[in-house]
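Below: the structure, in structure tokens.
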Amino acid sequence: MAATASAGVPATVSEKQEFYQLLKNLINPSCMVRRQAEEIYENIPGLCKTTFLLDAVRNRRAGYEVRQMAAALLRRLLSSGFEEVYPSLPADVQRDVKIELILAVKLETHASMRKKLCDIFAVLARNLIDEDGTNHWPEGLKFLIDSIYSKNVVLWEVALHVFWHFPGIFGTQERHDLDIIKRLLDQCIQDQEHPAIRTLSARAAAAFVLANENNIALFKDFADLLPGILQAVNDSCYQDDDSVLESLVEIADTVPKYLGPYLEDTLQLSLKLCGDSRLSNLQRQLALEVIVTLSETATPMLKKHTNIIAQAVPHILAMMVDLQDDEDWVNADEMEEDDFDSNAVAAESALDRLACGLGGKVVLPMTKEHIMQMLQSPDWKYRHAGLMALSAIGEGCHQQMESILDETVNSVLLFLQDPHPRVRAAACTTLGQMATDFAPNFQKKFHETVIAALLRTMENQGNQRVQSHAASALIIFIEDCPKSLLVLYLDSMVKNLHSILVIKLQELIRNGTKLALEQLVTTIASVADTIEEKFVPYYDIFMPSLKHIS
């Protein structure tokens, strides 16, 4: 490609063919061929790259994969390398780039390629608006406005796609062109013949509102677009498209006031989608996320709709029951990482955030009866979910739960003897979380029963996963336990921990299992750290075993 280095000299046919071959090599299955092509491409001057890439993008005879690669490279060049490349291009080349790009977008017949060209258009437009908001590509803006006023649905899609990617494209003209912007969004969001146009316009409307997050007056002016956005959320979800729902989550997070006039409609839609088992887990979780996010960003507004929140609680708890039977769980030698994509984990987090956002006065009355019923269920999944729900609401409902903590703790302690190991593990987790949420009063009030119960659970040699959860809960309990209380149990605790350590060490030698052993060692270290010099007499008991482990 050496011949292409001469700026301002038209490229020959052979040079173009050479560049097309380079693009083919960049998508070659061979790593060696791709690496060599990348090295050659990096050494091509910016002027040549720009002109060749633009030519390749527009050349339908080049083949879709080659054009796709050229589009990706041109977008990258105008995005991350704009300041290094574009200002140094001759004025006539800059003009040609703008003209050619408009033509390419207007004439492209391949829908997927047209979207890629719109992405490039948006990137160039973004870089051609200065810090003062002056648009240095008025022809590009005129093309978009003409597209809006046209009767051509394809051009509507082009305008929407560019506007969605760069809602600030109007620059300082925006306040004068709000009617044009609203016309585009309104006419497209009402289009009943083209679902894709409705979806794209809803996303573009959301992007525009988000880009004007501090403009309260604009929220009022654009509020009548909200019913169309909500309808697009609903329709797109049942077409297996999460994109508009994701935009609604962003609005709830960043500009919740925009939802004010249609807050109840927003909540009702989210409630419906969250409870619809026909939708994907992700869609149901995103719908729940709208409600939970609003509980954090628009708490006073949401407290006026507690009836809807009360209806959401059973959906959350039902999602927490969505657990898989796993025969290998009992004998697994590693703690599982939370599967944040699962309904159970997402719903537990949502309940925690809802309680913290709205507070115990609102959430505890809505959840208490449901949780009690779940704990009495013959199905282990419901008992497990009920315990995890108790664990989740503790922080947000702290003050309200203080008065019922005795009965709550006594109830949880019973589940340490549940017939199902995962319920026993959940009881350990719940005690550990309570030890955090209600510390240090929890330790002062329940030290006698909780320490003894967790030590007994750690002696359950039939299930190292449960042992590990019990050890983890004991570690958390010890962290905030006053030294004066812990020393009361020191002799019996040391005896128990040492006897368990010996057994776990034998299991390590015999079977190679180490999960419960690792947690046990951490428990011993936590005891030693809390009681400090009081632990010195016990060092000799543990050292031989601990040295063997190391």
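First residue of the sequence shown? That's 587 in the working numbering, and the numbers climb one at a time after it.
Here a beta-carbon is modelled for each residue, glycine too, at the ideal position from N, C-alpha and C.
Reference residue i; option with closest CA among the options
i     : options                 : result
H1084 : V1009, C1067, L1103     : L1103
S989  : V740, N1027, E1034      : N1027
Q854  : K889, I894, L675, V1009 : I894
V739  : D716, V709, D777        : D777
F752  : I775, F794, P847        : F794
F756  : Q817, I783, G719        : G719
Q986  : M960, S928, S977, P951  : P951
E686  : D716, E725, S881, A1011 : E725
R662  : V709, C704, A677, D682  : V709
V878  : C634, A896, S963, L865  : A896
F1024 : M905, S977, Q1053       : S977
V1088 : V1107, D763, C704       : V1107
S863  : L727, M905, H696        : M905
A884  : A782, L859, K1030, T852 : T852
D908  : M887, A930, L811, T1116 : A930
Status (buried if at least 16 other CB within 10 Å, exposed otherwise) for residue i
i     : result
H758  : In the sequence as displayed, the identity of residue 758 is Thr instead of His. Looking at its Cβ environment, which holds fewer than 16 other Cβ atoms inside 10 Å, T758 is exposed.
K702  : buried
A588  : Caution applies to A588, whose pLDDT of 44 falls short of 50 and renders its modelled position unreliable; the value that the coordinates give is listed next. Burial call: exposed.
A591  : Residue placement at A591 is flagged as unreliable, the pLDDT there being 41, under the threshold of 50; a coordinate-derived value is accordingly withheld.
G943  : buried
M1129 : exposed
I1061 : buried
S822  : buried
V1122 : exposed
L612  : buried
C774  : buried
Y606  : buried
E1045 : exposed
A1137 : What is shown of the chain runs 587 to 1136, which leaves residue 1137 out entirely.
H1172 : Coverage of the chain is limited to positions 587 through 1136, which leaves residue 1172 absent and any answer about it impossible.
K967  : buried
L760  : Per the sequence presented here, residue 760 reads as Glu, with Leu not at that position. E760 comes out buried.
Y1125 : exposed
N996  : exposed
Run of the alpha helix (DSSP H) containing residue i, from where it starts to where it stops
i     : result
A1056 : 1050-1065
L771  : 764-775
A657  : 650-665
N929  : 929-944
Q897  : 892-906
R647  : From DSSP, R647 is part of no alpha helix (DSSP H); its letter is neither H nor E.
Y968  : 966-979
P1026 : Taken as a continuous stretch (DSSP letters only), P1026 belongs to no alpha helix (DSSP H), as it is neither H nor E.
T883  : 867-883
C823  : 812-823
Y735  : 724-735
S997  : 991-1000
I685  : 677-693
Chain C within 8 Å of residue i, Cβ atoms only
i     : result
Q1003 : Among the chains in the structure shown there is no chain C, since it carries only a single protein chain.
Whole-angstrom C-beta distance between residue j and residue i, which should lie under 8 Å
i     : j     : result
I706  : A656  : The Cβ separation is near 10 Å, so there is no contact.
L1040 : L1017 : 7 Å
Y848  : L796  : In fact, because the Cβ distance is near 17 Å, the residues do not count as touching under 8 Å.
L675  : L659  : Contact flag wrong, Cβ pair sits at about 16 Å.
K843  : F805  : 6 Å
V835  : V819  : Not quite, the Cβ-Cβ distance comes to about 10 Å (not below 8 Å), so this is no contact.
Contact test: residue i Cβ vs the ligand NAP heavy atom, cutoff 7 Å
i    : result
S881 : With respect to small molecules bound, the structure shown includes none, and the ligand NAP cannot be examined in it.
Exercise. Three or more beta-carbon pairs under 8 Å between the region 635-646 and the region 614-625, yes or no?
Worked result: Touching, no, given that fewer than three Cβ pairs across the two stretches are closer than 8 Å.
For this session: Assess, as a yes-or-no matter, whether the region 763-773 is touched by the region 730-747 under the definition of 3 or more beta carbon pairs within less than 8 Å.
Result: yes
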